[in-house]
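Protein chains in written order, with this note's numbering: chain V, 41 to 369; chain S, 31 to 358.
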């Protein structure tokens, strides 16, 4: 491990970042901030959070954006891509050069990199492709082959199509309206991309349904998927507990883990995609949850009594529970 | 202006170097905070509420942004007291932080057990009792909304907590008469009071025409609720001037902290602001010191509840708004 890699492992910092540029990129905005301490620590897949609206802002939650690129200019710059969705992102889009923003990062676990030179398929939905180009650069340093598969609703929403074509061994583009590349969604082209590229590993970033579908398809080929999720979060550094999703741990136990610090990159197969937005009945600490040893013993008793071996827990999930008057943490 | 102001304050008999704390549920157990600030420099870390067993919390979406506030519906997700004692408390102590441990339960007995477990461990500075939980033995009625239920929890916790660990009751503003609940808690043995917990709120998405939170309702926090906090602290301090209060509710600046102190708080917790400003606690501590210096105050204790006193002398100082206090 080189000294710079050791440095890169130190934690996030909160800094005042000076806006260098804000520019339109098709349907999106790209902002570049001078933030050397964040740039120095960055690894692909990580994100930043920004406070929006100024010191008296009525908007209290951080806005999180995956880092698109870092560059050495001005001591170190950080670039991220965003779409104007609401007042917070509108405010960001209205910033100008030399404005100073409160920015924290780099946050989250980066994409793990393969040790060997393998064939990598990088899949992005919408501006979810933003973090994939810095990843591609790192992969190429390791002599991996990089194929891109990017898709969106329309051509102006496929972020980085040109860069993908220029830098990838191949680049497949899909749009739902057919305005760029093939008509359809990225998962329509996944089989072909895997065959053509002899894919060994998939990296994906985009909407949850896309990540779920990619995981399902990749399992047929026994190809590992590293998926960066997009989950709503208030803080981005692990204290607010709002960005949780059910993930199966190496011990086989499902936990509600924070996508900000345990993710945003997860092994696709470890995420219970169909259970997102619920508390699975067998999740650690779910209502009625007991340690597995006790549950196994209980199941034994139940099967002895009922003679049918079926546990009583069923597939009930806790979605929509908890309307009771009480205060969460 | 190196510590020109004496910021020391008292949590019952326990002295803290300064009054700024994290608010329960907004700083985990301190570990994540340490990336952005020195956790030993503020008055205390108030932990996320700890329960007896592990708890997965409520489904997502768990939060929604509101004007100058947010709604949360986490459902007290956490690993339980065993993990807290094995992992989190030793870490806090190793960093020199003062640990105020928030506890939550569904029955009086659970609260008492938690107090017992914490008393057996060394190093707990104080216990904050989150009584804004449904009482499973009483049709899910929230303890904090009933004086008798609140008193029952506090009495049980006080009885089981080691004598030298102060017990603070965290009050809900969602009550008709917060003074009645405060008095019940103090009579039951509370060494102090924390206020306010979040206000129950709800938001409906007009596009989907559905509630925004999976848990339907959530706790409202942030600057939007600060006037409610000031009012609650004012009323309780007026009725119980000798009882120490940890004030919280929408504190974003040192000036906001001072407002709660003037209403009667001896300590101030910072909560939702942390989400967009991870180092907010140390910033607010410095700002508070500056605000006090600017007003010629050299002891924090001199301004705790001062607004009450100022009211009494309002006749003399007709233009009380610009009044600058000078004390030796």
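Yeah, the Cβ is synthetic: ideal placement off N, Cα and C, and Gly gets one too.
Since the structure is predicted, the reported quantities are computational estimates derived from the model, not experimental observations.
DSSP bridge partner residues for residue i (one or two, in chain order)
| i | result |
| --- | --- |
| residue 101 (chain S) | S:94 and S:250 |
| residue 164 (chain V) | V:190 and V:245 |
| residue 191 (chain S) | None; residue 191 (chain S) has no bridge partner. |
| residue 261 (chain V) | Residue 261 (chain V) pairs with nothing; no bridge assigned. |
| residue 198 (chain S) | S:158 and S:222 |
| residue 299 (chain S) | S:51 |
| residue 271 (chain V) | Bridge partners of residue 271 (chain V): none, in fact. |
| residue 142 (chain V) | V:56 |
| residue 159 (chain V) | V:185 |
| residue 74 (chain S) | S:51 |
| residue 45 (chain S) | S:40 |
| residue 276 (chain S) | S:224 and S:297 |
| residue 214 (chain V) | V:191 and V:222 |
| residue 294 (chain V) | V:288 |
| residue 306 (chain V) | V:267 |
| residue 232 (chain S) | S:247 |
Pick from the options that is closest to residue i, judged by C-alpha positions
| i | options | result |
| --- | --- | --- |
| residue 75 (chain V) | V:131, V:116 and V:199 | V:116 |
| residue 152 (chain V) | V:68, V:294, V:172 and V:258 | V:172 |
| residue 78 (chain S) | S:133, S:214 and S:141 | S:133 |
| residue 193 (chain S) | S:200, S:219 and S:175 | S:219 |
| residue 225 (chain S) | S:38, S:54 and S:40 | S:54 |
| residue 89 (chain V) | V:154, V:277, V:217 and V:285 | V:277 |
| residue 168 (chain S) | S:179, S:143 and S:70 | S:179 |
| residue 101 (chain V) | S:97, S:204, S:86 and S:142 | S:97 |
| residue 218 (chain V) | V:230, V:198 and V:208 | V:198 |
| residue 110 (chain V) | V:55, V:77, V:53 and V:228 | V:77 |
| residue 152 (chain S) | S:195, S:36 and S:230 | S:195 |
| residue 208 (chain V) | V:235, V:174, V:192 and V:154 | V:174 |
| residue 185 (chain S) | S:107, S:48, S:232 and S:161 | S:161 |
| residue 268 (chain V) | V:69, V:280, V:292 and V:254 | V:254 |
| residue 388 (chain S) | S:84, S:204, S:103 and S:281 | Since the first residue shown for chain S is 31 and the last is 358, residue 388 (chain S) is missing from the structure and cannot be characterised. |
| residue 260 (chain S) | S:270, S:279, S:274 and S:248 | S:279 |
| residue 318 (chain S) | S:42, S:41, S:245 and S:50 | S:50 |
| residue 163 (chain S) | S:119, S:123, S:248 and S:234 | S:248 |
| residue 60 (chain S) | S:332, S:76, S:236 and S:231 | S:76 |
| residue 245 (chain S) | V:143, V:319 and V:146 | V:319 |
| residue 54 (chain V) | S:330, S:116, S:123 and S:309 | S:309 |
| residue 95 (chain V) | S:320, S:324 and S:281 | S:281 |
| residue 163 (chain V) | V:50, V:315, V:302 and V:190 | V:190 |
| residue 270 (chain S) | S:208, S:52 and S:121 | S:208 |
| residue 325 (chain V) | S:107, S:37, S:42 and S:52 | S:107 |
| residue 52 (chain S) | S:103, S:44, S:43 and S:62 | S:62 |
| residue 303 (chain S) | V:275, V:154, V:176 and V:264 | V:275 |
Beta-carbon proximity of residue i to residue j, cut-off 8 Å
| i | j | result |
| --- | --- | --- |
| residue 266 (chain S) | residue 294 (chain S) | yes |
| residue 308 (chain V) | residue 258 (chain V) | yes |
| residue 223 (chain V) | residue 212 (chain V) | no |
| residue 92 (chain V) | residue 81 (chain V) | no |
| residue 282 (chain V) | residue 81 (chain S) | no |
| residue 226 (chain V) | residue 166 (chain V) | no |
| residue 154 (chain S) | residue 129 (chain S) | yes |
| residue 266 (chain V) | residue 311 (chain V) | no |
| residue 106 (chain V) | residue 120 (chain V) | yes |
| residue 27 (chain S) | residue 173 (chain S) | Residue 27 (chain S) cannot be examined here, being either before or after the span of chain S that is shown, 31 to 358. |
| residue 237 (chain V) | residue 194 (chain V) | no |
| residue 157 (chain S) | residue 191 (chain S) | yes |
| residue 298 (chain S) | residue 326 (chain S) | no |
| residue 180 (chain V) | residue 85 (chain V) | no |
| residue 99 (chain S) | residue 252 (chain S) | yes |
| residue 125 (chain S) | residue 64 (chain S) | yes |
| residue 139 (chain S) | residue 177 (chain S) | no |
| residue 202 (chain S) | residue 39 (chain S) | no |
| residue 329 (chain V) | residue 252 (chain V) | no |
| residue 317 (chain V) | residue 90 (chain S) | yes |
| residue 69 (chain V) | residue 62 (chain V) | yes |
| residue 187 (chain V) | residue 220 (chain V) | no |
| residue 323 (chain V) | residue 70 (chain S) | no |
| residue 157 (chain V) | residue 83 (chain V) | no |
| residue 196 (chain V) | residue 79 (chain V) | no |
Check: Would you call the segment 132–144 of chain V and the segment 202–213 of chain V in contact, with 3 or more CB pairs under 8 Å?
Finding: no
Margin query: Contact between the segment 214–223 of chain S and the segment 138–153 of chain S is defined here as three or more beta-carbon pairs at a separation below 8 Å; is this criterion met?
Written below: no
Checklist line | Ranges of the beta strand (DSSP E) found wholly within the segment 69–117 of chain V, counting only runs of at least 3 | finding: 87–90 and 103–111
Note to self: Counting beta carbon pairs with one atom in the segment 282–298 of chain S and one in the segment 123–137 of chain V, are three or more of them shorter than 8 Å?
What the structure shows: No: fewer than three Cβ pairs fall under 8 Å.
Check: Quick one: any contact between the segment 102–113 of chain S and the segment 308–318 of chain S, if contact means 3 or more CB pairs under 8 Å?
Finding: no
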